[in-house]
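Enquirer: Position in the sequence shown (from 1) plus 127 gives the number in the numbering used here. Yeah, the Cβ is synthetic: ideal placement off N, Cα and C, and Gly gets one too. Sharing a structure below in structure tokens format, with a few things to ask.
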Amino acid sequence: MKASLLKLFVFGLMLTFVDISHAQIVKYHEHGETEELRIEYRWQRERIYTRKGNAVLNLQLTNLQDQHRELSFVIAFYRDKQIVFESEENMLCFKPGQRRRGFASGLRFFAEGIGLDDVQKDDFTWDILIRDLREVPGCD
């Protein structure tokens with residue numbers, strides 16, 4: 128009896144952990160790719176527990192070259208082809224083949240008052256405006 132209860136308990140724990148690990152898989156969508164850089168994105172809420180909060184754009188950028196690269200860029204949000212948000216200029220350095228994403232890399236952007244329902248509308252678009260992408264001797 129104890130052995131079957133233990134097996135049932137262990138099985139239940141395994142199902143729980145499999146379900147949790149599956150839920151943590153983050154899907155990014157392709158925005159574009161050049162010979163030098165792959166750009167992927169995903170939208171999420173600024174605050175998980177707030178339904179009507181701001182939408183957050185998380186980027187995932189991958190250096191596709193075998194050299195160090197320095198990237199200078201701006202993120203812009205558009206509504207009806209009119210700019211409604213433009214980030215400050217951002218600079219990142221990538222090691223060969225390095226992938227950077229999200230908050231820890233400074234790749235998280237939002238504009239006050241733009242929610243997830245807004246970014247799903249046909250009149251809303253966003254873009255990454257690359258100012259400079261060049262080879263550098265190394266990253267600090």
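Since residue 199 contacts residue 216 with CB under 8 Å, what's their CB separation in whole angstroms?
Expert: Translated into positions along the sequence shown, residue 199 becomes position 72. Translated into positions along the sequence shown, residue 216 becomes position 89. That pair is a contact at about 6 Å.
Enquirer: Using a 10 Å radius around the Cβ and a threshold of 16 neighbouring Cβ atoms, would you call residue 238 buried or exposed?
Expert: For the purposes of this step, residue 238 is identified with residue 111 of the sequence shown, where counting begins at 1. Label assigned to residue 238: buried.
Enquirer: Measure from the alpha carbon of residue 211 to the alpha carbon of each residue in 185, 240, 193, 189, then state which is nearest.
Expert: Taking the sequence shown and counting its residues from 1, one reaches residue 211 at position 84. If we check each option's Cα against that of residue 211, 240 comes out closest.
Enquirer: I need the straight-line Cα distance from residue 265 to residue 222, nearest angstrom please.
Expert: Taking the sequence shown and counting its residues from 1, one reaches residue 265 at position 138. Taking the sequence shown and counting its residues from 1, one reaches residue 222 at position 95. So the two alpha carbons sit approximately 7 Å from each other.
Enquirer: Pick from 172, 154, 236, 157: whose alpha carbon is nearest that of residue 244?
Expert: In the sequence shown, the residue the question calls residue 244 occupies position 117. Taking only the C-alpha atoms, the option nearest residue 244 is 172.
Enquirer: Quick one: Cα of residue 251 to Cα of residue 138, how far?
Expert: Counting from 1 along the sequence shown, the entry for residue 251 is found at position 124. Counting from 1 along the sequence shown, the entry for residue 138 is found at position 11. Each residue's alpha carbon lies about 46 Å from the other.
Enquirer: Based on Cα-Cα distance, which residue from 153, 163, 154 lies nearest to residue 257?
Expert: For the purposes of this step, residue 257 is taken as the residue at position 130 of the sequence shown. Looking at the Cα atoms, 163 is the closest of the given residues.
Enquirer: Mapping the DSSP letters down to three states, classify residue 200 as helix, strand or coil.
Expert: In the sequence shown, the residue the question calls residue 200 occupies position 73. Reduced to three states, the DSSP call for residue 200 is strand.
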